[in-house]
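Residue numbers (my numbering), protein chains in the order written: chain A, 36 to 377; chain B, -14 to 563.
A quick write-up on the structure given underneath.
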């Protein structure tokens, strides 16, 4: 039993690295925070004294909250000294700007993945395992039943479904998280030649993505905002990209010919589709599935693994049963903050 | 089974009722195509209804969670605790089983199991009491099942497929599959209550030959509340019975075998050994409709509360039976040795019932419910209440036994003001004495297949009941928001109230005034709860009974606002994880 080379604690506020006096993705303002990405359940620390994060993450946080007073950008090739340790970041794959935190210190290297996905993505850099001594890895889909199908094939199936619905004269409604998933889908749908109308929450973030150098098709008119099109009564004839919370609202409910798909890793669970009254699910996730998580753990060659966000207790026990030293770090789930930017 | 599983999956994902019916009709027609014996068709229809054996088959399958869990562990190769965690995340076992099965190398490419093999599996499971034999049969089946077959096969052992095939969808599918009138399918289904038999009768164009089989339940004929009846009743055409305050039941006896069926047509024979004993001694075969009631030694009814201690025991102890004896109050005769009597007028059925009760009815635990000519209802009602009964039932003397229907041939007079059967949709943690328990219940009634809330109540239940309800609600929780939980709608409550108001807060558009819980209706399925239409009728009836005054302009405006108000923010199942 070697134990962690750098201990990770849970304190009021969230995950905390005591040696560095640094919180990781805290739920509220703290003296010093690292924010791995701009989702609501990770970005609660935007008002902290110092907010470390990637340029893109801080820009997305500002798009939502206004100026981030404590912002301290860590460039992708930069090293920052904090209390005798060096901080740097590496792509986490998840969404634009999502970063893994790498901490080099006297006893070795510690990596915190934040929300994480391996494999390429069109709207953000690719996430990959980083060799380290102690790894803190998310475990959103940390159960073996979560095994996602091939991403490209799933995307192609989604495009085909949208096209089929449009050809039938109906409106494909695609439920996807406003930040990250919506942009990845907008990019793929526009690339496939389909017109896309995005709900205001998602559209605002699309604009932010474009400002950060990720073209999504707003300029060409292929990607448009729902509010504008609604005024012009041109909602039909395009894919409607909208957050899950709009299901059951007058925007969708009772509208003739509206047929819905849910695009999320959670769509593997039947109740999620039922709840949204969707007719199909596409298990296209911005998270690593169970096998990818395991592969990342192995690829990191870490001797000690913390499991964070999601199913830490279960995932960490599975790791232990496979001979990997591991402990869960349960952080309080944050309710309801479904969309990153309103 | 492969085709059926695919059709069930398509049905789950189809939002329109017609689409569901079409998907199921196509598979039933395809299964019937090369199935001379009808076994495959029968099995397919039963599985779709969430059944394994037919409702006339008294044999227990004996496949509980723990056995199925063991089978799952061996089939997917993950430790039990991982399997349970997955089942917890899915909210049920079948889905988790299927998702883990997908990971088993080659599972998706399997040939699958045929419906005939599945039928043989059900029969084999029912034919042995030995757990290891059951396990071996299940292991063999799941070793060959595809992931999708695994899902629905595992689900059917817990009789809920969750594909939205309830509420007459299956009947519609059978009608479509064999191009028969829906009315004929429904009528046959109410009599035989076995979707497998109905499907085969529909295929053979013999729906009109559907008959009661003693030992297989008949869908109960139901009574309409008096409040909702607008027309004058003719005393010459009606009789009056006391409305017994117990639980509805049928007692069937054929040969040596006695079967007792509850409201949802489920078999509850083992819960009432004294009734079984009493009927074992009677001559011939008989199927009766009536009510199970807790009684005093001289067979006088005791309050419903007394019966409640028996309701949740599947096999009561001798002490409990002695402490709370139950009697069957019979009031209708469905069939006997001379055949099926549903189509006889009530008058003739009653005559047969009386003759049978006199000559060969049971001597113990049995009461023939008295019937009187219809007179002035008010004193009748008071007298019935004084005898410890709930109210009155008025019956048309010339009416057939209209199985499965709530018609106007039977009319119930329950309370000065009506009660409603509602389903718990959410529960909240209590405070003070009730801290740590779920003691506030939000409940709803049905509208277009959806439960819409009509109120919230926290009084009327005992501390003991709260503890039991808390435990059950915890298991049914789908989402938590602080101290509030959304629950799977499975628990039916009977609530009393002082009136009904328009409401913008509740999605139904109505709110009950001072609702209180009268009892937990474990004898009722959630689908049997009341509808918004009933609430609306009661709301309007308040005018006539003087419970309510004519609506003011402001109230009417509120009513309009209810219709225009956008639904509350959709609560996400999984939060902002992505």
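Each residue gets a CB set at the ideal place from its N, CA and C atoms; glycine is no exception.
Point to revise | CA nearest to the CA of residue 442 of chain B, picked from B:412, B:434, B:465 and B:435 | key: B:412
Review point. In terms of alpha-carbon separation, which member of B:408, B:287, B:29 and B:425 lies closest to residue 416 of chain B?
Key: B:425
Review point. Which runs of the alpha helix (DSSP H) fall wholly inside the region 495 to 523 of chain B and span at least 4 residues, in chain order?
Key: none
Check your understanding: Helix, strand or coil: how does DSSP classify residue 165 of chain A here?
Key -> coil
Review point. Listed in chain order, which residues of the region 234 to 264 of chain B have Cβ atoms closer than 9 Å to some Cβ of chain A?
Key: none
Practice item. Return no unless some Cβ of chain B is closer than 7 Å to the Cβ of residue 304 of chain A. Key: yes
Exercise for review: Classify residue 393 of chain B as helix, strand or coil using the three-state DSSP reduction.
Suggested key: strand
**Study point:** Distance between residue 180 of chain A and residue 84 of chain B (C-alpha atoms, nearest Å)
**Key:** 5 Å
Check your understanding: Out of curiosity, what's the CA-to-CA distance linking residue 544 of chain B and residue 496 of chain B?
Key -> At residue 544 of chain B, the pLDDT of 47 sits below 50, so the modelled position is not reliable and the matter cannot be decided from this model.
Review point. What do you reckon, are the CB atoms on residue 475 of chain B and residue 458 of chain B nearer than 7 Å?
Key: no
Practice item. Note down, in chain order, every chain B residue with its Cβ under 8 Å from the Cβ of residue 314 of chain A. Key: -2, -1 and 0
Practice item. Indicate the three-state DSSP secondary structure (helix, strand or coil) for residue 144 of chain A in the structure shown. Key: strand
Point to revise | Per DSSP, the bridge partner or partners of residue 315 of chain A | key: A:296
Check your understanding: chain B beta carbons: is any one of them nearer than 7 Å to that of residue 182 of chain A?
Key -> yes
**Study point:** Same chain, Cβ closer than 7 Å to residue 44 of chain A, neighbours up to 5 away in sequence not counted
**Key:** 51 and 53
Check your understanding: Under three-state DSSP, which class holds residue 40 of chain A?
Key -> coil
Exercise for review: Please list the partners that residue 87 of chain B has in chain A, where partner means a Cβ-to-Cβ separation under 7 Å.
Suggested key: 182
Practice item. State the Cα-Cα distance for the pair residue 340 of chain B and residue 264 of chain B, rounded to the nearest angstrom. Key: 16 Å
Check your understanding: At a cut of 8 Å, does the region 23 to 39 of chain B reach the region 153 to 172 of chain B through at least three beta carbon pairs?
Key -> yes
Exercise for review: Step through the CB atoms of chain B and report whether any lies within less than 7 Å of the CB of residue 349 of chain A.
Suggested key: yes
Check your understanding: Can the beta-carbon of residue 162 of chain A be found less than 7 Å from the beta-carbon of residue 40 of chain A?
Key -> no
Review point. Mapping DSSP to helix, strand and coil, what is residue 345 of chain A?
Key: strand
Exercise for review: Determine the burial state of residue 241 of chain B: buried for a count of at least 16 other Cβ atoms within 10 Å of its Cβ, exposed for fewer.
Suggested key: exposed
Review point. Looking at the structure shown, is residue 399 of chain B part of a helix, part of a strand, or coil, going by DSSP?
Key: coil
Review point. Buried or exposed: which applies to residue 18 of chain B, given that a residue is buried once 16 or more other Cβ atoms fall within 10 Å of its Cβ?
Key: exposed
Review point. Using a Cβ cut-off of 7 Å, which residues of the region 423 to 436 of chain B contact any Cβ in chain A, in chain order?
Key: none
Exercise for review: Closer than 8 Å by beta-carbon distance: list the chain D residues that pair up with residue 230 of chain A, in chain order.
Suggested key: The structure shown contains no chain D; the protein chains it does contain are A and B.
Point to revise | Residues, ordered as in the chain, of the region 177 to 209 of chain A that lie near chain B by beta-carbon distance below 7 Å | key: 178, 179, 180 and 182
Review point. Name the chain A residues that come within less than 7 Å of residue 161 of chain B, Cβ to Cβ?
Key: Residues of chain A passing the Cβ test: none, with the nearest at roughly 20 Å.
**Study point:** Contacts around residue 437 of chain B, its chain only, beta-carbon distance under 6 Å, and the 5 residues preceding and following it disregarded
**Key:** 429, 492 and 493
Check your understanding: For the putative contact between residue 257 of chain A and residue 231 of chain A, defined by C-beta atoms under 8 Å, what is the C-beta separation to the nearest angstrom?
Key -> 7 Å
Review point. With a CB to CB cut of under 6 Å and the five nearest residues on each side skipped, what residues in its chain are close to residue 87 of chain A?
Key: 69, 107 and 109
Review point. Just how far apart, CA to CA, sit residue 25 of chain B and residue 511 of chain B?
Key: 30 Å
Exercise for review: Check whether the Cβ atoms of residue 59 of chain A and residue 147 of chain A lie closer than 7 Å to each other.
Suggested key: yes
**Study point:** Within-7 Å CB hit, residue 68 of chain B to chain A
**Key:** no
Review point. Hey, does residue 534 of chain B have any beta-carbon neighbour from chain A nearer than 7 Å?
Key: The predicted model places residue 534 of chain B with a pLDDT of 46, which falls under 50 and marks its position as unreliable, so this point remains unresolved.
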